[in-house]
Amino acid sequence: MKKSTLVFMALLFLVNLSFARKGKKDVIYLKNGSVINGQIISSLPSGQVKIKTKDNSLWVFEASQIDSISKTANAFNQIRTGYFNLTEAGILAGNSNNKYSSPFSLMNISGWQFKNRFSVGAGAGVEFFSETYLPVVADFRYYLKRQGLNPFFGLQGGYSFALDTPDKQYVYGNTDIWRNPSGQSLDMKAKGGLMVNPSVGICTPLGDNLALTFSAGYRIMRHRYCREDNYDIDIDYNRLSLKIGLIFQ
């Protein structure tokens, strides 16, 4: 289960990379007021410039027609309305009460970016505590700017489903456990639990439709267990979430 889940999430990560087209756009400003966006193919000493536009059209301009040439920031600098896919990986740092003091977290989110810089998404992932968990979450983000290096506020909330069976718990009887210890090992069942993760971060463009995100947040969650004798156990976690992600739009 662990290997298949990791392979699946890694494939989603690679799919995002395959859609990326790196490099900045060239912009030619003509003296007649026209603006041509694309990729400059060649620039001759005579001043003649060839540029290929997004629709693969090839334009040739003489130096006498050109007012100026510049490069724009990557298209991802402009927040666009539409579908996005985000893959995030990181750790949930905390104390050593758990088997892992900094469990690994991998999440994939799909959603919609609105014109008002607000995005809504939903997704799932995998996290490794004493057991392996499948978090299913709703994701909300608000970007402070429409372009450039873009800070954001985020909020994730949902439910983590346990994928593994926990270790048995040894329960002592009513006798003196120091002089005459006795007891039994009882089966445990992990039920998962609710989680919420507010965060702040920054989004920086890598290509036309790809950007890198860094975020830090605070994870609050509860893992619930039921013992064989119907005794319920709740364990609350408060963790620092540190994540890096790739977002395709």
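Numbering (the numbering used here), first residue to last: 545 to 793. Beta carbons: idealized from backbone N, C-alpha and C, even for Gly. Please read these numbers as outputs of a predicted model, since none were measured by experiment.
Residue i by DSSP, collapsed to three states: which one?
{"i": "Q609", "result": "helix"}
{"i": "E632", "result": "strand"}
{"i": "G789", "result": "strand"}
{"i": "F684", "result": "strand"}
{"i": "G665", "result": "strand"}
{"i": "P679", "result": "strand"}
{"i": "G798", "result": "Only positions 545 to 793 of the chain appear in this structure, which leaves residue 798 out of reach."}
{"i": "Y775", "result": "coil"}
Give the straight-line distance between the Cα atoms of residue i and residue j, rounded to the nearest whole angstrom.
{"i": "N660", "j": "D683", "result": "16 Å"}
{"i": "T709", "j": "N774", "result": "16 Å"}
{"i": "H767", "j": "V744", "result": "25 Å"}
{"i": "Y762", "j": "R783", "result": "6 Å"}
{"i": "G669", "j": "L693", "result": "27 Å"}
{"i": "D611", "j": "K575", "result": "5 Å"}
{"i": "F672", "j": "E772", "result": "24 Å"}
{"i": "F792", "j": "T631", "result": "9 Å"}
{"i": "D731", "j": "Y781", "result": "22 Å"}
{"i": "G638", "j": "G577", "result": "58 Å"}
{"i": "T493", "j": "K733", "result": "The question about residue 493 has no answer here: the residues shown for the chain are numbered 545 through 793."}
{"i": "E606", "j": "G751", "result": "29 Å"}
{"i": "I788", "j": "M739", "result": "20 Å"}
{"i": "G626", "j": "P589", "result": "42 Å"}
{"i": "A755", "j": "D776", "result": "44 Å"}
{"i": "G667", "j": "L790", "result": "14 Å"}
{"i": "L809", "j": "K615", "result": "Since the first residue of the chain shown is 545 and the last is 793, residue 809 is not available in this structure."}
Buried or exposed, going by whether 16 or more other CB atoms sit within 10 Å of the CB of residue i?
{"i": "Q728", "result": "exposed"}
{"i": "N493", "result": "Here the chain comprises residues numbered 545 to 793, so residue 493 is not present and cannot be evaluated."}
{"i": "L650", "result": "buried"}
{"i": "F662", "result": "exposed"}
{"i": "G591", "result": "exposed"}
{"i": "N581", "result": "exposed"}
{"i": "F658", "result": "exposed"}
{"i": "R685", "result": "buried"}
Give every residue of the same chain whose Cβ lies closer than 6 Å to the Cβ of residue i, excluding the five residues on either side of it in the sequence, and list them in chain order.
{"i": "I746", "result": "P695 and F758"}
{"i": "Q700", "result": "V681, D683 and N741"}
Which residue marks the beginning of the beta strand (DSSP E) containing residue i, and which one marks its end?
{"i": "G701", "result": "N694 to A706"}
{"i": "T625", "result": "Run containing T625: none; DSSP gives neither H nor E here."}
{"i": "N741", "result": "M732 to P749"}
{"i": "Q657", "result": "F648 to Q657"}
{"i": "G761", "result": "L754 to R771"}
{"i": "Y573", "result": "K569 to L574"}
Give me, in chain order, the residues of the same chain whose beta-carbon lies closer than 8 Å to that of residue i; leave out the 5 immediate sequence neighbours on both sides.
{"i": "V579", "result": "V571, I572 and Y573"}
Got a sec? Which residues, its chain only, sit under 7 Å from residue i by beta carbon, not counting five neighbours each side?
{"i": "G702", "result": "P679, V680, V681, A682 and M739"}
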